[in-house]
Structures are given as structure tokens and as C-alpha cells.
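Q: Residue numbers (this note's numbering): 13 to 192. We put the beta carbon where it would ideally sit given N, CA and C, even for glycine. Note that the coordinates shown come from a computational prediction; the quantities given were computed from them, not determined experimentally. My questions all concern the structure below.
Pasting the structure below:
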């Protein structure tokens, strides 16, 4: 929402009377996120209730706050990206979306790999960014150029590493790939 409000303010132009109001709202949201969703270790949480509970708040979708320039504090960016190791799949090359569990959340999310690739690149970890982008590219190549929503990580549900979920995942596939 913060990034969207800022983009709308920019689209209105510097002379539009409402642009400042939208930019102010964008800044207020960004400040609220920084003040209320960052833990004592500088990790950006994906959920306020889980953060308050003290567990279960790792969510790789939070890195979009870095990719969309909502949070720019290097200590928060780096701590959050370091915390993402908790979401690395042990059976496939990429990442889960969050730490909530369940077969859907415990699948590898290709869009998460792409979002993390962008965030790692912006933070200077080009090796991890390139590794993830190459991995997603190889998955797309193996699936006739289409990027699936998920990769299976649990052998009890079928072959590990096989595409799962929607194929193609519009916006979560080609759109995120182009951004990465």
C-alpha cells in the first residue's frame, strides 16, 4: 500500500495538490511498518500478531518492502535476508514463503525465489541472487517456458522438485521473472 500510494503520488505529478497527501500517507505507512513490524534483531515480520506472540512471523513476502523501497534501513534489510535461511527448503534449491507449515506453505514458492533474488541483489549478495534466478530459469525451461506457482518439497505428495500449483502463475511467474 505504501509503494502504491507513492507511485500514485508520482503519477499525479509534483504540481498536483493531492500528490503531497498521497506521499504523506505512503510515508506514514512506511514509518508504521518500521515502527511496528521489526523485531529486536532488526528482522521485518510478516505479521504483527505473530510478532507480538514472539514466533511464526518469518515471511519471505516481507522482502517486497525492500524491493518496493518502503523499508531502506540496511540493518533491517540485512537481518531479514539473513533470517530467510530459516525458510530455505531442505529438499529443493529455493525457499518456502513462511514458517507457518502445511503442505502449501512448505512448498517452494518460485515467486518468493524471484522476490528474494531481487532483494539479495539490491543488498549486494549477487551470488545468492544469481543462484536463485538461474534456478527459477531452469524450472521454467523444464516446464516449456512457464514458471509454476510451486515446487513440491515433500516426497509423500509426489516427486520432489516437480512443478505444483498453477502453471503458469500469472504475475507470480513471468511478471516476477521480468522484475528479477
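1) Would you report the Cα separation of residue 114 and residue 31, rounded to the nearest angstrom?
2) According to DSSP, is residue 43 part of a helix, a strand, or is it coil?
3) Between 189, 156, 23, which lies nearest to residue 175 when the distance is taken from Cα to Cα?
4) Check whether the stretch 52-65 touches the stretch 80-91, taking contact to mean three or more Cβ pairs, one atom from each stretch, closer than 8 Å.
5) So what's residue 120 in DSSP terms, helix, strand or just coil?
6) Compare the C-alpha of residue 164 against each of 44, 177, 158 and name the closest.
7) Should the stretch 71-78 be called in touch with the stretch 126-134, which here means at least 3 C-beta pairs below 8 Å?
8) Any idea what DSSP makes of residue 146, helix, strand or coil?
9) Apply the 10 Å Cβ neighbour rule to residue 148 and answer buried if 16 or more other Cβ atoms are within range, or exposed otherwise.
10) Only counting runs of 4 or more residues, tell me where the alpha helix (DSSP H) segments fall wholly within the stretch 79-137, in order along the chain.
11) Out of 95, 135, 81, which one is the CA nearest neighbour of residue 38?
12) Going by DSSP in three states, residue 193 sits in which element: helix, strand or coil?
13) Quick one: what's got a C-beta closer than 6 Å to residue 122's C-beta in the same chain, skipping five residues either side?
14) Which residue marks the beginning of the alpha helix (DSSP H) containing residue 20, and which one marks its end?
15) In three-state terms, what does DSSP make of residue 50?
16) Between residue 26 and the ligand ATP, is there a pair consisting of the residue's CB and a ligand heavy atom that are separated by less than 7 Å?
17) One question on the structure: do residue 49 and residue 14 come within less than 8 Å of each other, judged by their Cβ atoms?
A: Taking the geometry as given:
1) 43 Å
2) In the three-state reduction of the DSSP assignment, residue 43 falls in the helix class.
3) Comparing Cα positions, the closest option is 156.
4) Contact holds: three or more Cβ-Cβ distances are below 8 Å.
5) strand
6) Considering only alpha carbons, the answer is 177.
7) yes
8) helix
9) It is buried - the Cβ of residue 148 has at least 16 other Cβ atoms within 10 Å.
10) With a minimum length of 4 residues, the continuous alpha helix (DSSP H) runs that stay inside the stretch 79-137 are 86-95, 114-117, 122-134.
11) 81
12) The structure shown does not extend to residue 193, since the chain is modelled only from 13 through 192, so no value can be given for it.
13) 148, 159
14) That run of the alpha helix (DSSP H) goes 14-24.
15) Of the three classes helix, strand and coil, the one that applies to residue 50 here is strand, per DSSP.
16) With respect to the ligand ATP, the structure shown offers nothing to examine, as it has no ligands at all.
17) no
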